[in-house]
Amino acid sequence: MATMGFVAVRKLVPWPDCHLARVERGKAPKPGQIWLEREGGRLWLVRITHCRPQEGESRCVLLRPAGPTELKAHEEGRRIAEDRRRIAQREAMRFGLPMKFVAAEQTLHGDFIRLFFTAPQRVDFRNLVKFLSRAFQARVELRQVGPRDAARMVGGIGVCGRETCCSVFLREFKPITLKMAFDQSLVIAPQRLTGICGRLRCCLAFEHSHYKELLEGLPRVGKKVQIGEMEGRVISYNIFRGTVTLERPDGSRVEIPWEEVRNP
């Protein structure tokens, strides 16, 4: 049957798998709907979405909207996948492998399961895969992920008191540097700057470009400046008031508009 085009979908699994799926002529998926998808010989449930799909030709085909039977099978599969994750963790310890399993996903019929884990280094898990494949009577794939991906799949509450951004709306990770914190005059304290993954928080990048643009041409903190008859050392900037605080030689401080110290 000829196809009418492609739509962006996201699998209902822990890993943020967003991709394009082919749609057969006459079918019109709507955003938010849950459909049955065939990928090779495997069946998954996916949600129609507006996410940015991965590059590459799609091998997936949307079959039809998911019915009560598929939705019930999916919920049962999630429970089974979690049980299998616990079994994999127990067996990894028995094999003496330094692996921490954080999430699991499986096809609608449970004939394929993918287990995600973190480890301090590369792990030779070939014997573990063979054991799990026999135990589960299914094809097993183990995938090592970094701490940021693990935090995204597990989820949690950040220092802001809200659900972590990576598990809610972030779909890709950008490099985060300590300089971003310096540019925003944040307190350089590990417990305040790191997320539940142990890495610098992703939100440090959200407003960094705005701070960088506003502070363009201003002397760095700690630099001495001369304004008319007044000499002082830059202590801090207040981006909301557009001011700079200077410390004079006698130890007193004065706050002035930062345009007075901006380089032309």
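Numbering (my numbering), first residue to last: 1177 to 1440. Note that beta-carbon positions come from the ideal geometry of N, C-alpha and C, so glycine has one too. All figures in this text were calculated on a predicted structure; none of them were measured in a lab.
(request) Please name the residue in M1356, G1286, V1344, C1342 whose C-alpha comes closest to that of E1317. (result) Sequence index remark: in the sequence shown, residue 1317 carries index 141 (1-based). Nearest C-alpha to E1317: G1286.
(request) Leaving out five residues on either side along the sequence, give the residues of the same chain with a beta carbon under 7 Å from the beta carbon of E1348. (result) Stepping through the sequence shown from its first residue, residue 1348 is reached at position 172. Cβ neighbours of E1348 within its own chain (closer than 7 Å, five residues either side excluded): none.
(message) Rounded to whole angstroms, what is the Cα-Cα separation between L1239 and K1187?
(response) As a working mapping, residue 1239 is identified with position 63 in the sequence shown. As a working mapping, residue 1187 is identified with position 11 in the sequence shown. Roughly 14 Å separates the two Cα atoms.
(request) For L1291, count neighbouring Cβ atoms within 10 angstroms of its own Cβ and tell me buried if that reaches 16, exposed if not. (result) As a first step, residue 1291 must be located in the sequence shown, where it is residue number 115. Result: buried.
(request) Would you tell me roughly how many angstroms separate the C-alpha atoms of R1214 and E1246, rounded to the nearest one? (result) Along the sequence shown, read from residue 1 onward, the residue named residue 1214 stands at position 38. Along the sequence shown, read from residue 1 onward, the residue named residue 1246 stands at position 70. Rounded to the nearest angstrom, the two C-alpha atoms are 13 Å apart.
(request) Specify the secondary structure class of V1189 as computed by DSSP and reduced to three states. (result) On the sequence shown, residue 1189 is found 13 positions in, with the first residue counted as 1. DSSP places V1189 in coil when its eight states are reduced to three.
(message) Is the separation between the beta-carbon of G1408 and that of L1422 shorter than 7 Å?
(response) As a working mapping, residue 1408 is identified with position 232 in the sequence shown. As a working mapping, residue 1422 is identified with position 246 in the sequence shown. For G1408 and L1422, yes; Cβs fall inside 7 Å.
(message) Taking its Cβ as the centre, do 16 or more other Cβ atoms sit within 10 Å of R1260, making it buried, or is it exposed?
(response) Numbered from its first residue, the sequence shown carries residue 1260 at position 84. Counting other Cβ atoms within 10 Å of its Cβ, R1260 reaches 16 or more and is therefore classed as buried.
(request) Write down every uninterrupted run of the alpha helix (DSSP H) in the region 1365-1440 whose length is 4 residues or greater and which is fully enclosed by it, in chain order. (result) 1366-1369, 1384-1390
(request) Assign A1264 to one of three DSSP states: helix, strand, or coil. (result) Here residue 1264 corresponds to residue number 88 of the sequence shown, with the count starting at 1. In the structure shown, A1264 sits in a helix (DSSP, three-state: H, G or I).
(request) Could you please give the first and the last residue of the uninterrupted alpha helix (DSSP H) stretch that includes P1323? (result) Translated into positions along the sequence shown, residue 1323 becomes position 147. Per DSSP, P1323 belongs to the alpha helix (DSSP H) from 1323-1330.
(request) Could you tell me the distance, in whole angstroms, from the CA atom of V1278 to the CA atom of V1335? (result) Within the sequence shown, numbered from 1, the residue matching residue 1278 stands at position 102. Within the sequence shown, numbered from 1, the residue matching residue 1335 stands at position 159. For V1278 and V1335, the distance between alpha carbons rounds to 21 Å.
(message) Measuring straight from C-alpha to C-alpha, what distance separates A1381 and P1190?
(response) Position 205 of the sequence shown, counting from 1, holds the residue named residue 1381. Position 14 of the sequence shown, counting from 1, holds the residue named residue 1190. If you take the alpha carbons of A1381 and P1190, they lie about 24 Å apart.
(message) I'd like the list of long-range same chain contacts for S1412, defined as Cβ closer than 7 Å, with 5 residues on each side in sequence excluded.
(response) Taking the first residue of the sequence shown as 1, we reach residue 1412 at position 236. Taken in chain order, the residues that qualify are S1361, V1397, T1421.
(request) Measure the Cβ-Cβ separation of A1249 and L1284 and say whether it is below 7 Å. (result) Numbered from 1 along the sequence shown, position 73 holds the residue referred to as residue 1249. Numbered from 1 along the sequence shown, position 108 holds the residue referred to as residue 1284. Between A1249 and L1284, the CB-CB gap stays under 7 Å.
(message) On the DSSP bridge list, what partners appear for L1212?
(response) Looking up residue 1212 in the sequence shown gives position 36. For L1212, which the question treats as bridged, DSSP gives the partners L1221, R1240.
(message) Do F1288 and R1315 have their beta-carbon atoms positioned less than 7 Å apart in this structure?
(response) Here residue 1315 refers to the residue found at position 139 when the sequence shown is read from its first residue. Here residue 1288 refers to the residue found at position 112 when the sequence shown is read from its first residue. Going by C-beta atoms, R1315 is nearer than 7 Å to F1288.
(message) Just to confirm the assignment, what range does the alpha helix (DSSP H) spanning R1302 have?
(response) Start at 1 with the first residue of the sequence shown, and residue 1302 comes out as number 126. Here the alpha helix (DSSP H) through R1302 covers 1302-1312.
(message) Could you compute how far the alpha carbon of A1327 sits from the alpha carbon of I1372?
(response) Reading the sequence shown from its first residue, position 151 is the one you call residue 1327. Reading the sequence shown from its first residue, position 196 is the one you call residue 1372. Approximately 7 Å between the Cα atoms of the pair.
(message) Just to confirm the assignment, what range does the beta strand (DSSP E) spanning L1354 have?
(response) Your numbering for residue 1354 matches position 178 in the sequence shown. For L1354, there is no enclosing beta strand (DSSP E); the enclosing alpha helix (DSSP H) covers residues 1354-1359.
(request) Take L1221 as the anchor and find which of G1243, V1305, R1235, A1295 has the nearest alpha-carbon. (result) Residue mapping note: residue 1221 aligns to position 45 of the sequence shown, counting from 1. Residue G1243 is the option with its Cα nearest to L1221.
(request) Could you name the residues of the same chain whose beta carbon sits closer than 8 Å to that of C1341, not counting the 5 residues immediately before and after it, in chain order? (result) Within the sequence shown, the letter at position 165 stands for residue 1341. Once the five neighbours on either side are set aside, the close Cβ partners of C1341 are G1334, C1378, C1379.
(message) My output table needs one value for R1298: the three-state DSSP class, helix, strand or coil.
(response) Translated into the one-based positions of the sequence shown, residue 1298 becomes position 122. Three-state DSSP puts R1298 in coil, outside helix and strand.
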